[in-house]
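Peer 1: According to the numbering used here, the sequence shown is numbered sequentially starting from 4.
C-beta: ideal position from N, C-alpha, C; glycine also.
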Amino acid sequence: MTIKENLAFPLETRGIARKEIALRTQEALRMVKLEQFQERFPGQLSGGQQQRVALARALVADPPLLLMDEPLGALDKNLREEMQIEIKHIQERLRLTVLYVTHDQEEALTMSDRIVVMNEGKIQQVGAPVELYERPRTRFVAEFFGDVNIFLGSVEASEFRADDESFTIPVCTGAPEGSACGAVRPEKIEMHKWGERPAMNDSVEIGGEVVDVIYLGQMSRYTVRTAGQDVVIKCMAAPRTRHFLVGDAVLLSWQADSFVLLEQGATT
4 MTIKENLAFP LETRGIARKE IALRTQEALR MVKLEQFQER FPGQLSGGQQ QRVALARALV
64 ADPPLLLMDE PLGALDKNLR EEMQIEIKHI QERLRLTVLY VTHDQEEALT MSDRIVVMNE
124 GKIQQVGAPV ELYERPRTRF VAEFFGDVNI FLGSVEASEF RADDESFTIP VCTGAPEGSA
184 CGAVRPEKIE MHKWGERPAM NDSVEIGGEV VDVIYLGQMS RYTVRTAGQD VVIKCMAAPR
244 TRHFLVGDAV LLSWQADSFV LLEQGATT
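Below, the structure written as C-alpha coordinates:
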(Lines of atoms letter the chains of each structure in order from A; the text may use other names.)
(Lines give C-alpha, C1' and ligand atoms only; values in the text may rest on other atoms or scores of the structure.)
Protein backbone atom coordinates (compact mmCIF):
# COMPACT_ATOMS: atom_id res chain seq x y z
CA MET A 4 0.00 0.00 0.00
CA THR A 5 1.05 3.59 -0.59
CA ILE A 6 1.32 6.00 2.32
CA LYS A 7 -2.12 7.43 1.57
CA GLU A 8 -3.67 3.95 1.38
CA ASN A 9 -1.91 2.98 4.60
CA LEU A 10 -3.46 5.91 6.45
CA ALA A 11 -6.90 5.33 4.95
CA PHE A 12 -7.06 1.60 5.73
CA PRO A 13 -8.00 1.76 9.46
CA LEU A 14 -10.67 4.36 8.66
CA GLU A 15 -12.13 2.21 5.89
CA THR A 16 -12.43 -0.76 8.26
CA ARG A 17 -14.56 1.43 10.55
CA GLY A 18 -16.95 2.26 7.74
CA ILE A 19 -16.15 5.96 7.64
CA ALA A 20 -17.37 7.80 4.55
CA ARG A 21 -14.86 8.22 1.72
CA LYS A 22 -15.04 12.02 1.80
CA GLU A 23 -14.24 12.04 5.52
CA ILE A 24 -11.39 9.58 4.97
CA ALA A 25 -9.88 11.82 2.29
CA LEU A 26 -10.07 14.85 4.57
CA ARG A 27 -8.51 13.04 7.53
CA THR A 28 -5.67 11.47 5.55
CA GLN A 29 -4.73 14.77 3.92
CA GLU A 30 -4.77 16.56 7.27
CA ALA A 31 -2.59 13.84 8.85
CA LEU A 32 -0.14 14.02 5.94
CA ARG A 33 -0.02 17.79 6.24
CA MET A 34 0.75 17.65 9.96
CA VAL A 35 3.75 15.36 9.41
CA LYS A 36 4.85 17.18 6.24
CA LEU A 37 4.47 14.21 3.88
CA GLU A 38 1.84 15.47 1.41
CA GLN A 39 4.27 15.20 -1.51
CA PHE A 40 5.14 11.59 -0.60
CA GLN A 41 1.60 10.20 -0.28
CA GLU A 42 1.86 8.00 -3.39
CA ARG A 43 5.14 6.41 -2.32
CA PHE A 44 5.54 2.94 -0.81
CA PRO A 45 7.21 2.24 2.57
CA GLY A 46 10.40 0.94 0.95
CA GLN A 47 10.87 4.29 -0.78
CA LEU A 48 11.00 6.25 2.48
CA SER A 49 13.84 7.17 4.82
CA GLY A 50 13.80 6.14 8.48
CA GLY A 51 12.56 9.56 9.55
CA GLN A 52 9.79 9.54 6.94
CA GLN A 53 8.67 6.08 8.07
CA GLN A 54 8.41 7.40 11.64
CA ARG A 55 6.29 10.28 10.37
CA VAL A 56 3.97 7.81 8.62
CA ALA A 57 3.59 5.84 11.86
CA LEU A 58 2.74 9.06 13.69
CA ALA A 59 0.24 10.09 10.99
CA ARG A 60 -1.46 6.69 11.14
CA ALA A 61 -1.94 7.11 14.88
CA LEU A 62 -3.24 10.68 14.50
CA VAL A 63 -5.65 9.96 11.65
CA ALA A 64 -7.87 7.97 14.02
CA ASP A 65 -8.32 11.09 16.20
CA PRO A 66 -7.55 9.27 19.48
CA PRO A 67 -8.38 10.83 22.89
CA LEU A 68 -5.06 9.45 24.22
CA LEU A 69 -1.93 8.53 22.27
CA LEU A 70 0.58 5.99 23.64
CA MET A 71 4.08 6.18 22.15
CA ASP A 72 6.57 3.53 23.30
CA GLU A 73 10.14 4.58 22.40
CA PRO A 74 9.12 5.53 18.83
CA LEU A 75 12.41 7.23 17.97
CA GLY A 76 14.86 4.66 19.31
CA ALA A 77 16.03 3.48 15.87
CA LEU A 78 16.84 6.97 14.54
CA ASP A 79 20.22 8.71 14.59
CA LYS A 80 20.78 11.55 17.07
CA ASN A 81 20.12 14.49 14.75
CA LEU A 82 16.97 12.98 13.25
CA ARG A 83 15.75 11.92 16.68
CA GLU A 84 16.09 15.48 18.00
CA GLU A 85 14.27 16.84 14.94
CA MET A 86 11.40 14.38 15.43
CA GLN A 87 11.17 15.15 19.15
CA ILE A 88 10.49 18.82 18.41
CA GLU A 89 8.08 17.95 15.61
CA ILE A 90 6.03 15.58 17.79
CA LYS A 91 5.98 18.15 20.59
CA HIS A 92 4.66 20.84 18.25
CA ILE A 93 1.95 18.52 16.88
CA GLN A 94 0.89 17.59 20.41
CA GLU A 95 0.64 21.25 21.41
CA ARG A 96 -1.29 22.17 18.26
CA LEU A 97 -3.83 19.36 18.68
CA ARG A 98 -3.96 19.70 22.50
CA LEU A 99 -3.65 15.92 22.57
CA THR A 100 -2.74 13.90 25.66
CA VAL A 101 0.32 11.77 24.88
CA LEU A 102 1.76 9.07 27.14
CA TYR A 103 5.36 8.83 25.94
CA VAL A 104 7.65 6.02 27.15
CA THR A 105 11.40 6.62 26.94
CA HIS A 106 14.69 5.71 28.62
CA ASP A 107 16.37 8.80 27.12
CA GLN A 108 16.55 11.56 29.74
CA GLU A 109 17.08 14.34 27.19
CA GLU A 110 14.03 13.14 25.27
CA ALA A 111 11.96 13.16 28.46
CA LEU A 112 13.05 16.70 29.33
CA THR A 113 12.53 17.99 25.78
CA MET A 114 9.06 16.59 25.14
CA SER A 115 7.24 16.49 28.45
CA ASP A 116 4.99 18.80 30.41
CA ARG A 117 4.98 16.24 33.22
CA ILE A 118 7.32 13.31 33.83
CA VAL A 119 6.83 10.11 35.82
CA VAL A 120 10.14 8.43 36.71
CA MET A 121 9.84 4.72 37.51
CA ASN A 122 12.37 2.22 38.84
CA GLU A 123 11.61 -1.49 39.12
CA GLY A 124 7.90 -0.82 38.74
CA LYS A 125 7.74 1.84 41.46
CA ILE A 126 7.19 5.55 40.95
CA GLN A 127 10.17 7.54 42.19
CA GLN A 128 8.93 11.06 41.42
CA VAL A 129 6.30 12.92 39.39
CA GLY A 130 6.66 16.51 38.28
CA ALA A 131 7.57 19.07 35.65
CA PRO A 132 10.89 18.58 33.82
CA VAL A 133 12.60 21.50 35.59
CA GLU A 134 11.47 20.20 38.99
CA LEU A 135 12.83 16.70 38.42
CA TYR A 136 16.13 17.99 37.06
CA GLU A 137 16.73 20.76 39.60
CA ARG A 138 15.16 19.17 42.72
CA PRO A 139 15.27 15.36 42.42
CA ARG A 140 13.91 13.46 45.40
CA THR A 141 16.09 10.36 45.15
CA ARG A 142 19.52 9.36 43.92
CA PHE A 143 17.96 7.33 41.12
CA VAL A 144 16.10 10.36 39.78
CA ALA A 145 19.16 12.60 40.14
CA GLU A 146 21.37 10.16 38.20
CA PHE A 147 18.71 9.40 35.58
CA PHE A 148 18.80 12.98 34.30
CA GLY A 149 22.50 13.06 33.43
CA ASP A 150 25.76 13.84 35.20
CA VAL A 151 25.44 14.66 38.87
CA ASN A 152 27.85 14.75 41.80
CA ILE A 153 26.70 12.63 44.73
CA PHE A 154 28.15 13.37 48.16
CA LEU A 155 27.76 10.92 51.05
CA GLY A 156 27.56 12.20 54.58
CA SER A 157 25.24 12.71 57.51
CA VAL A 158 22.73 15.26 58.76
CA GLU A 159 22.79 16.67 62.26
CA ALA A 160 21.09 19.81 63.57
CA SER A 161 19.93 20.84 60.07
CA GLU A 162 23.45 20.62 58.66
CA PHE A 163 24.92 18.16 56.15
CA ARG A 164 28.50 17.09 56.81
CA ALA A 165 30.38 15.20 54.08
CA ASP A 166 31.88 11.89 55.19
CA ASP A 167 35.35 13.09 54.15
CA GLU A 168 34.76 16.30 56.15
CA SER A 169 35.58 18.38 53.07
CA PHE A 170 32.54 20.61 53.64
CA THR A 171 29.43 21.26 55.68
CA ILE A 172 26.30 22.89 54.36
CA PRO A 173 22.97 23.94 55.90
CA VAL A 174 19.90 21.95 54.88
CA CYS A 175 16.19 22.53 55.43
CA THR A 176 14.97 22.59 59.00
CA GLY A 177 13.48 19.25 59.99
CA ALA A 178 15.60 17.16 57.60
CA PRO A 179 15.91 13.59 58.97
CA GLU A 180 19.12 13.13 60.94
CA GLY A 181 21.60 10.33 60.29
CA SER A 182 23.25 8.98 57.14
CA ALA A 183 22.37 10.98 54.05
CA CYS A 184 23.46 11.89 50.55
CA GLY A 185 23.19 15.05 48.51
CA ALA A 186 23.55 16.07 44.89
CA VAL A 187 25.02 18.98 42.94
CA ARG A 188 24.71 19.30 39.16
CA PRO A 189 28.05 19.83 37.31
CA GLU A 190 26.92 23.12 35.77
CA LYS A 191 26.14 24.54 39.24
CA ILE A 192 29.81 24.35 40.25
CA GLU A 193 32.24 27.16 39.50
CA MET A 194 35.93 26.45 39.04
CA HIS A 195 38.65 28.95 39.92
CA LYS A 196 42.41 29.02 39.75
CA TRP A 197 43.87 28.02 43.09
CA GLY A 198 44.44 31.11 45.22
CA GLU A 199 41.59 33.08 43.65
CA ARG A 200 38.85 33.29 46.24
CA PRO A 201 35.41 33.32 44.56
CA ALA A 202 33.16 36.30 45.16
CA MET A 203 30.25 34.20 46.43
CA ASN A 204 28.37 34.46 49.69
CA ASP A 205 26.98 31.37 51.40
CA SER A 206 29.08 29.09 49.19
CA VAL A 207 30.88 25.78 49.60
CA GLU A 208 34.57 25.64 48.64
CA ILE A 209 36.72 22.57 47.93
CA GLY A 210 40.26 22.39 46.57
CA GLY A 211 41.37 19.84 44.00
CA GLU A 212 43.38 18.99 40.89
CA VAL A 213 42.11 18.69 37.33
CA VAL A 214 42.58 15.08 36.20
CA ASP A 215 40.51 15.01 32.99
CA VAL A 216 39.25 17.49 30.39
CA ILE A 217 36.76 16.63 27.64
CA TYR A 218 35.77 19.20 25.02
CA LEU A 219 32.08 18.81 24.09
CA GLY A 220 31.68 21.71 21.67
CA GLN A 221 29.30 24.01 23.54
CA MET A 222 30.93 23.18 26.85
CA SER A 223 33.91 21.49 28.47
CA ARG A 224 33.59 18.67 31.01
CA TYR A 225 36.21 18.65 33.75
CA THR A 226 36.94 15.99 36.36
CA VAL A 227 38.60 17.33 39.49
CA ARG A 228 40.11 15.05 42.12
CA THR A 229 39.46 16.36 45.62
CA ALA A 230 40.51 14.89 48.94
CA GLY A 231 37.28 12.93 49.17
CA GLN A 232 36.19 12.06 45.63
CA ASP A 233 36.23 13.03 41.97
CA VAL A 234 33.91 15.93 41.10
CA VAL A 235 32.52 16.64 37.61
CA ILE A 236 32.15 20.24 36.42
CA LYS A 237 30.66 21.49 33.15
CA CYS A 238 31.61 24.96 31.90
CA MET A 239 30.25 26.73 28.85
CA ALA A 240 32.87 27.21 26.14
CA ALA A 241 32.39 30.99 25.88
CA PRO A 242 35.19 33.16 24.39
CA ARG A 243 36.11 34.74 27.75
CA THR A 244 35.76 31.55 29.77
CA ARG A 245 38.99 30.44 31.42
CA HIS A 246 40.16 27.02 30.30
CA PHE A 247 41.94 24.65 32.65
CA LEU A 248 44.43 21.89 31.90
CA VAL A 249 45.11 18.50 33.45
CA GLY A 250 47.30 19.06 36.50
CA ASP A 251 45.96 22.53 37.34
CA ALA A 252 45.27 23.20 41.01
CA VAL A 253 41.76 24.63 41.32
CA LEU A 254 39.18 25.75 43.83
CA LEU A 255 35.60 24.54 43.35
CA SER A 256 32.65 26.47 44.73
CA TRP A 257 28.88 26.33 44.61
CA GLN A 258 25.99 28.09 46.27
CA ALA A 259 24.33 26.36 49.20
CA ASP A 260 20.96 26.33 47.42
CA SER A 261 22.49 24.29 44.57
CA PHE A 262 22.91 21.36 46.97
CA VAL A 263 19.92 18.99 47.01
CA LEU A 264 19.48 16.66 49.97
CA LEU A 265 18.15 13.36 48.63
CA GLU A 266 15.60 11.13 50.30
CA GLN A 267 16.72 7.63 51.14
CA GLY A 268 14.84 5.06 49.03
CA ALA A 269 11.77 7.24 48.53
CA THR A 270 9.02 5.86 46.29
CA THR A 271 5.40 6.76 45.68
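In the DSSP assignment, find the beta strand (DSSP E) that holds Arg224 and state where it starts and stops.
Peer 2: Met222 to Thr229
Peer 1: Give me the residue from Asp233, Ala160 and Arg27 with the minimum Cα distance to Val174.
Peer 2: Ranked by Cα distance from Val174, the first of Asp233, Ala160 and Arg27 is Ala160.
Peer 1: Is it true that the CB of Ile126 sits closer than 8 Å to the CB of Met194?
Peer 2: No. Outside cutoff.
Peer 1: Based on the DSSP output, what are the partners of Arg98 in its beta bridges?
Peer 2: Note: Arg98 sits in no beta bridge, so no partner.
Peer 1: Output needed for Leu68: all residues of its chain with C-beta closer than 7 Å, excluding positions within five of it in sequence on either side, in chain order.
Peer 2: Only residues of its own chain outside the window of five on either side were considered, and among them Thr100 and Leu102 have a CB closer than 7 Å to the CB of Leu68, listed in chain order.
Peer 1: Mind checking Ser169: buried by the 16 CB within 10 Å criterion, or exposed?
Peer 2: buried
Peer 1: Curious, which full-length alpha helix (DSSP H) runs of at least 4 residues does the region 110-145 contain?
Peer 2: 132-137
Peer 1: So, with DSSP's three-state summary, where would you put Ile24?
Peer 2: helix
Peer 1: Looking at C-beta atoms only, is the number of pairs between the region 45-59 and the region 15-27 that lie closer than 8 Å three or more?
Peer 2: When Cβ pairs closer than 8 Å are counted between the two stretches, the region 45-59 is seen not to touch the region 15-27, the count staying below three.
Peer 1: Do you know how far the Cα of Ala165 is from the Cα of Pro139?
Peer 2: 19 Å
Peer 1: In this structure, how does DSSP classify Lys237 when only helix, strand and coil are distinguished?
Peer 2: strand
Peer 1: For Thr270, name the three-state secondary structure that DSSP assigns.
Peer 2: Confidence at Thr270 is low in this model, with a pLDDT of 48, below 50, so its placement is unreliable and the value that follows should be read with caution. Reduced to three states, the DSSP call for Thr270 is coil.
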